[in-house]
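Numbering (the working numbering), first residue to last: 146 to 419. Since the structure comes first, as C-alpha cells, the remarks are kept for the end.
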Ligand code: SF4
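Take a look at the structure:
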C-alpha cells in the first residue's frame with residue numbers, strides 16, 4: 146500500500162473509532178483496492194468503503210480520493226481464482242463440473258443475486274443460463290438493459306449435489322450458503338452496484354441471513370450494507386406459477402428498481418406484463 150493511502154486509511158479508521166460505538170474494520174478487498182490505487186488528492190470514496198458494524202461510513206468528503214483504483218475486473222480475478230480452487234464444501238467440490246463465479250459488467254449499477262447454480266449452469270459455468278435464466282434475461286431486456294450491462298451471481302458458487310440417478314436441482318443448505326457467502330460479499334464490495342436484486346427467499350437467506358416468506362419480503366426496499374436491495378420472486382417460481390398476477394408483481398418490483406436507478410420508464414414499460 147502506498148504511504149499516503151495507508152496514512153489516510155489509518156486516519157479514517159481512527160476517526161470512525163472516536164465517533165462511533167462500532168469497531169471499524171476494513172475488508173481484505175478494500176485494502177487490496179487501496180494497494181492497487183494510484184493515490185491522487187481529489188475527493189474520497191474508495192477508502193470510505195470502510196464500515197462500522199455493517200454500516201457504510203464516509204470519512205471526510207473533502208479528503209483524498211483513490212483514482213484509477215477501480216479496475217473491478219482486475220480485482221475480481223483473484224477471487225475467481227480462489228473460487229475455482231475452493232474445496233471448502235468437499236461434497237460439492239467433488240460433484241461439480243465447474244464453479245460458477247458470476248457474469249456481467251463489473252462496473253454495473255445493477256446486480257442480481259440468485260441462490261445456486263443448477264444443472265445447466267454447472268455445465269456451462271455461467272449463472273442463469275437455463276430456463277429460469279432465459280426468463281431473467283427477458284426481464285433484463287424488458288428493463289432496457291442488455292444482459293452484459295448488469296452483473297449476475299449466486300450465493301453458492303457450486304451446484305448443490307443431488308443423489309446419483311436423480312434429476313433436477315436442490316436448494317442450497319444454510320451451512321453451504323454460510324460457507325460460500327464470503328465470496329459473494331467480496332464481489333459486492335468490489336462491484337458496488339447502486340441497486341441489488343435478490344431473486345427468491347433462499348437468496349435472501351444466503352445474503353442477509355434472514356428468513357421470511359416472499360409475501361412479506363418482496364416489493365419493498367431493504368438494504369445490504371447501505372446498498373438498496375429489492376427482493377423479488379426467483380424466475381423459476383414464475384415458470385412454475387404462470388399466473389399473470391405473479392408475473393406482474395415481479396415487473397412492478399423491476400419498475401421500482403428502474404426508478405431507483407433513475408432510468409427513464411416508457412409508457413409501454415409501465416403497462417408491461419412479463
Ligand atoms: S460452494 Fe462455495 S465454499 Fe463450497 S466448495 Fe463451492 S466455492 Fe467453495
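Ideal Cβ positions, reconstructed from N, Cα and C, are used throughout, including at glycine.
Limits of the unbroken beta strand (DSSP E) element including residue i
i	result
residue 377	372-377
residue 369	366-369
Delimiting residues of the alpha helix (DSSP H) encompassing residue i
i	result
residue 253	From DSSP, residue 253 is part of no alpha helix (DSSP H); its letter is neither H nor E.
residue 218	217-230
residue 389	389-405
residue 385	380-385
residue 359	359-362
residue 269	264-269
residue 238	235-240
Top-ranked residue by Cα proximity to residue i, from the options
i	options	result
residue 383	396, 372, 374, 373	396
residue 341	362, 224, 372, 231	372
residue 334	270, 256, 226	256
residue 350	281, 414, 323, 364	323
residue 366	377, 358, 268, 356	377
residue 348	380, 299, 330	299
residue 265	401, 249, 358, 303	303
residue 260	353, 406, 390	353
residue 270	239, 254, 229	229
residue 319	309, 310, 311, 346	346
residue 358	344, 236, 370, 369	344
residue 317	374, 389, 262	262
residue 306	273, 326, 275, 267	267
residue 274	288, 289, 248	248
residue 325	234, 277, 242, 219	234
residue 226	250, 245, 240	245
residue 331	369, 364, 310	369
residue 321	237, 409, 413, 223	237
residue 258	217, 404, 301	301
Where residue i sits in the DSSP three-state scheme
i	result
residue 297	strand
residue 413	helix
residue 278	helix
residue 245	coil
residue 419	coil
residue 353	helix
CB contact check: residue i to chain C, cutoff 7 Å
i	result
residue 229	This model lacks chain C altogether; it includes just one protein chain.
Check: residue i C-beta below 6 Å from any heavy atom of the ligand NAP
i	result
residue 237	In the structure shown, the ligand NAP is absent; the only ligands present are the ligand SF4.
> Can you list the beta strand (DSSP E) stretches of 3 or more residues lying completely in the region 315-351, in chain order?
Replying inline: Every unbroken stretch of the beta strand (DSSP E) spanning 3 or more residues and falling wholly within the region 315-351 is given here in chain order: 340-344.
> Just the residues with CB closer than 7 Å to a heavy atom of the ligand SF4, in chain order, which are they?
Replying inline: 228, 231, 232, 233, 234, 237, 238, 241, 244, 301, 302, 303, 321, 324, 325, 328
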